[in-house]
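Protein chains: 2
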Amino acid sequence: MSAEVIALRPQVATPSLNPMLALTAAGMNSVNAVILDRMQSEIPLIPALAGHLIAGGGKRMRPMLTLASAALLDYQGARHHKLAAAVEFIHTATLLHDDVVDGSELRRGKATANIVFGNPATVLVGDFLFSRAFELMVEDGSLKVLKILSNASAVIAEGEVDQLTAQRQIETSEERYLHIIGAKTAALFAAACRIAAVVAERDAETEAALESYGRNLGIAFQLVDDAIDYDSEASEMGKGKGDDFRDGKMTLPVILAYARGSEEERHFWRDAIQGHRTSDADLAHAVTLIARHDTVSATRDRARHFAQRAIDAIAGFPAGAARCAMAEAAEFAVSRRY
Amino acid sequence: MSAEVIALRPQVATPSLNPMLALTAAGMNSVNAVILDRMQSEIPLIPALAGHLIAGGGKRMRPMLTLASAALLDYQGARHHKLAAAVEFIHTATLLHDDVVDGSELRRGKATANIVFGNPATVLVGDFLFSRAFELMVEDGSLKVLKILSNASAVIAEGEVDQLTAQRQIETSEERYLHIIGAKTAALFAAACRIAAVVAERDAETEAALESYGRNLGIAFQLVDDAIDYDSEASEMGKGKGDDFRDGKMTLPVILAYARGSEEERHFWRDAIQGHRTSDADLAHAVTLIARHDTVSATRDRARHFAQRAIDAIAGFPAGAARCAMAEAAEFAVSRRY
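Chains as they are written, first to last, in this note's numbering: chain A, 1352 to 1689; chain B, 1352 to 1689.
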C-alpha cells in the first residue's frame, strides 16, 4: 500500500496531516474559540451534550479545509473563522443525528451522545447546533455562503435518507453508493473549501476548483472510512468494529465482494445484509471473503483515484505551503489506517 | 366559557378561524404550491414522509399568520409566500423531531410519521425540511429575515431541550413553564408575524408590534393545547389522550393542580409525574383532581390574558378585515376545544 502512495508524490514517504495541522494551527485556535463560545446556552444540557462530542477528539477536518483553502488564496481577513465553526456545527449536528439513526454506541472510542444522554436530547441538541450554524452564517452576512451551506445541508440530509433506503439492499450498485457518499460526506467537504473562495472574493473558476478539491477529497475520505471497517490489518477503529456489516450497510468493500463472489458467497452476503448473519463468526467470514477478493484494496484504489483528482484540482494554484499541505492531506486520507 | 370570550369582543358569539382563512385563502394557495414543490426530492422516501404529515390536515396557523400580518400592512408583493412556506417547513421539521423525541403514536388523529416510517427516516426528513426552509429564505435574500428565523430555530431547540430537562420534575414552576412554551412554541409564532413587517419594509415599532402579537398568541395557543389534554369536556383530540400525563410533562394544568392540591394529592402527582402511575384509572384520577381545582379553567384564563395582549398589540393598526381576522384568531385560539 505505501509503495502506491509514494507513487503519487515521491517526496513523501508517509503522508501525514501534520503540514495541514501546522498551516491551520493559529486559525483553528480562533475557530475553536468560536465553537466553544457558540455552543453555550442557558440550558446546561446543551453545552454538556454538544461538548461531549465536540471535545471527543475529532480531527476537525472540515473547518481545517476552510482555513487551508483560505491560506491557498492568501486571504488575510478573519471572516472564515466564524464560517469554519458553522461548518463544524453542521457536521456535529449530522453526527449526532447519525448516531441516533444508526443506534451507534461508540464514536472515536467513546460512548456516543445518544448512549450517554439518550436519543431525545441528542436529536434536539443536533437541531440546536444546526440552527446555531445558520446564525453564525447570518452574522457573517454573505448570502452566497448561506446558499452554498444551506444547499449542502439539504443534500447531506438527502444522502442520509438515500443511504437509509439502500440499507439491507444487496443489489445496491457502486454508482448508487458513490452518489450516496457524494451527498452525505463529500457535499460538506466541497462546501467547506468553496466558501473560502467566496470570502476571499475570487472568481467562479476558483470556487469550482476548491469545490472539486473538497468533493473528491470527501469521496476518498469516505471510501477509506468504509474500507477500514473491513480491514483486517487496520488498527482498532474508534467506532465499533463491524458496525457497517451488522447494520446491513452497502459499502464498497461489500458491493465488490458480492459482485466478484461465487454463488455460495453471494448467498452468504444476501443473508448477512438482510440481517440474518450478525455473529462475530459471520463478521469474521465476511472479512475473509473480502480479503479473498481484495475488495478493501480495491476500495482504497478507488479512493486513490479521487484523491489524485483532488490534488489535480488545485494544481493551478501557486505552489507553497498551503497547496503542499492540501495535497498531502489527500494522500493522508487514502493511506490512513484508522 | 363562551360568556367570557364574548366579553373580549362582544360582536362575536362564537369566535372562529374563518375570517383568517378567508383573508389568507388566495395567498395560502401560493404557499401550498411552494410547500408541495419544495418538499420534492429525487429520494422518494422524502416527499412520502413529509407529505404524510403535511397532508395530514394541520391548520397551517404559522404561514397564515405571516400572510395575515402582510395583509394588515397592506403589503402588495409576493415575497411572503416563499417565506411562509419556510416557516411551515421549520414547524414541520420540529413536529417530526418532537414525535420521535416523545415516541408519539398519534397526531391529528393519524399515525405519526415515526410510527409509519420509523425514527431514523423521520429524524433525517426533519433535517431535510429544515435545510429546505433555509434554502427558501436564502432565495428570498433578506438577511434580516434569515436572522429572525435562524434565531427562532435556535430558541425553539433550546425550548425543546429545556422541556426535556423539566420532564418528570414535579417542582417545575409556572414561570419556567411559561419560559419553555415561550421558546418552543411562541418564538415561531412571533417570527412568522414579524417577518411580514420586514418584507413590507416597515419600521422597528411595526416589527415589534407584530412580534408581540405572535408571541402572545403563541403562548395562548400552547396553554390551550395543554389545557385540552386534561379537559374532560373537550371533544376527542387528534393526539393520543393523556400523552402529556404519561410522558410526565409538567404543563400548567398539572403545575396548578400540584400547587393547589392537598398533601395526599401532591403525593399522587409526584408518583404520576415520575412515571409510576400511567394506567387509564390513574389518568382518570388526574382529570378528577384537575377538575376539583379547576386548573383547566385556570389555564384557559391565563391563555385569555395572553390572547388579550395579542389583540392589544395590534390595536394601533388600521381597522379592517386583517385586524379583525387576527383578533378573532386570538379569541378562537383560547375558545377552541380541539
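Cβ coordinates follow ideal geometry from the N, Cα and C atoms, glycine included.
Open item on the list: I need the straight-line Cα distance from G1510 of chain B to K1535 of chain B, nearest angstrom please.
Closed with: 5 Å
- [ ] Specify, as a first and last residue, the run of the alpha helix (DSSP H) that I1606 of chain B falls within.
- [x] L1603 to R1611
- [ ] With distances taken Cα to Cα, identify the nearest neighbour of V1467 of chain A among A:L1404, A:A1680, A:A1560 and A:Q1573.
- [x] A:L1404
Task: Three-state secondary structure assigned by DSSP to A1635 of chain B - done: helix
- [ ] With a threshold of 16 other CB atoms inside 10 Å of the CB of T1557 of chain A, please say whether the residue is buried or exposed.
- [x] buried
Open item on the list: According to DSSP, simplified to helix, strand and coil, what is L1368 of chain B?
Closed with: coil
TODO: Evaluate the contact criterion for the region 1371-1379 of chain B versus the region 1672-1688 of chain B: three or more CB pairs, one atom per stretch, below 8 Å.
DONE: yes
Task: Exposed unless 16 or more other CB atoms sit within 10 angstroms - verdict on P1669 of chain B - done: exposed
Open item on the list: Starting from G1533 of chain B, trace the alpha helix (DSSP H) in both directions and tell me its first and last residue.
Closed with: Counting along the chain, G1533 of chain B falls outside any alpha helix (DSSP H), and DSSP gives it neither H nor E.
TODO: On the DSSP bridge assignment, give the partners of G1462 of chain B in chain order.
DONE: Before going further, note that residue 1462 of chain B is Ala rather than Gly in the sequence given. For A1462 of chain B, which the question treats as bridged, DSSP gives the partners B:L1457.
Open item on the list: Could you give the first and the last residue of the continuous alpha helix (DSSP H) run that contains S1420 of chain B?
Closed with: M1412 to L1423
Task: Cα-Cα separation, K1433 of chain A to L1396 of chain A - done: 23 Å
Open item on the list: Determine, for G1533 of chain A, whether the minimum Cβ-Cβ distance to residues of chain B falls below 7 Å.
Closed with: no
- [ ] Identify, in the order they occur along the chain, each residue of the same chain with its Cβ nearer than 6 Å to the Cβ of A1517 of chain A, setting aside the five sequence neighbours on each side.
- [x] T1523 and M1601
TODO: Helix, strand or coil for I1662 of chain A, going by three-state DSSP, please let me know.
DONE: helix
Task: Amino acids of chain B, ordered along the chain, whose beta-carbon sits closer than 7 Å to that of P1471 of chain A - done: V1452 and L1515
- [ ] Compute the distance between the beta-carbons of D1631 of chain A and I1394 of chain B, then report whether it is under 7 Å.
- [x] no
TODO: Starting from the Cα of Y1609 of chain A, find the closest Cα among A:D1595, A:D1594, A:A1508 and A:L1640 and give me that residue.
DONE: A:L1640
TODO: Below 8 Å CB to CB, which residues in the same chain sit around I1665 of chain B once its five sequence neighbours on both sides are set aside?
DONE: L1423, A1560, L1561, Y1564, R1674, M1677 and A1678
Task: For R1655 of chain A and F1447 of chain A, the rounded distance between their alpha carbons - done: With the sequence shown as reference, residue 1447 of chain A is identified as Leu, and Phe is not the correct amino acid for it. When rounded, the distance between both Cα atoms is 29 Å.
Task: Cβ of G1589 of chain B within 7 Å of any chain A Cβ - done: For G1589 of chain B, the predicted structure reports a pLDDT of 48, less than 50, and the residue's modelled location is therefore unreliable. The matter cannot be settled from this model.
Open item on the list: Cβ closer than 7 Å: which chain B residues qualify as neighbours of G1378 of chain A?
Closed with: The contacting residues do not exist; G1378 of chain A stays about 24 Å from chain B at best.
Task: Touch test, the region 1475-1487 of chain A against the region 1409-1420 of chain A, Cβ-Cβ under 8 Å, three pairs minimum - done: no
Open item on the list: Distance cutoff 7 Å, beta carbons only. Does H1448 of chain A sit that close to anything in chain B?
Closed with: yes
Open item on the list: Under 7 Å, Cβ to Cβ, is there at least one residue of chain A near F1440 of chain B?
Closed with: no
Task: Classification of L1365 of chain B by the beta-carbon crowding that lies within 10 angstroms, buried from 16 upward - done: Note on identity: in this sequence residue 1365 of chain B is Thr, with Leu being the wrong assignment. Exposed, by the Cβ-count rule.
Open item on the list: Could you check whether the Cβ of Y1689 of chain A sits closer than 7 Å to any Cβ belonging to chain B?
Closed with: no
TODO: Give the residues of chain A in contact with K1498 of chain B, contact being defined as C-beta atoms less than 7 Å apart.
DONE: V1489
- [ ] Note down the Cα distance separating N1383 of chain B from Q1520 of chain A, rounded to an integer number of angstroms.
- [x] 35 Å
TODO: Label R1688 of chain B either buried or exposed according to how many other C-beta atoms from any shown protein chain fall within 10 Å of its C-beta, with 16 as the threshold for buried.
DONE: exposed
Task: DSSP-derived helix/strand/coil call for H1448 of chain B - done: helix
Open item on the list: Can you look up I1357 of chain B in the DSSP assignment and give me helix, strand or coil?
Closed with: With a pLDDT of 39 at I1357 of chain B, under the threshold of 50, the modelled position of this residue cannot be trusted; read the value that follows with caution. Note: I1357 of chain B maps to helix in three-state DSSP.
Open item on the list: Residues of the region 1395-1429 of chain B in Cβ contact with chain A at a cutoff of 9 Å, in chain order, please.
Closed with: P1395, L1396, I1397 and L1400
Task: From A:A1406, A:A1484, A:V1452 and A:E1526, residue whose alpha carbon lies closest to that of N1470 of chain A - done: A:V1452
- [ ] Over the uninterrupted alpha helix (DSSP H) stretch that includes R1688 of chain A, give me the two end residues.
- [x] Segment: none, R1688 of chain A is in no alpha helix (DSSP H) and carries neither H nor E.
TODO: Report buried or exposed for V1685 of chain B, applying the criterion of at least 16 other Cβ atoms within 10 angstroms of its Cβ.
DONE: buried
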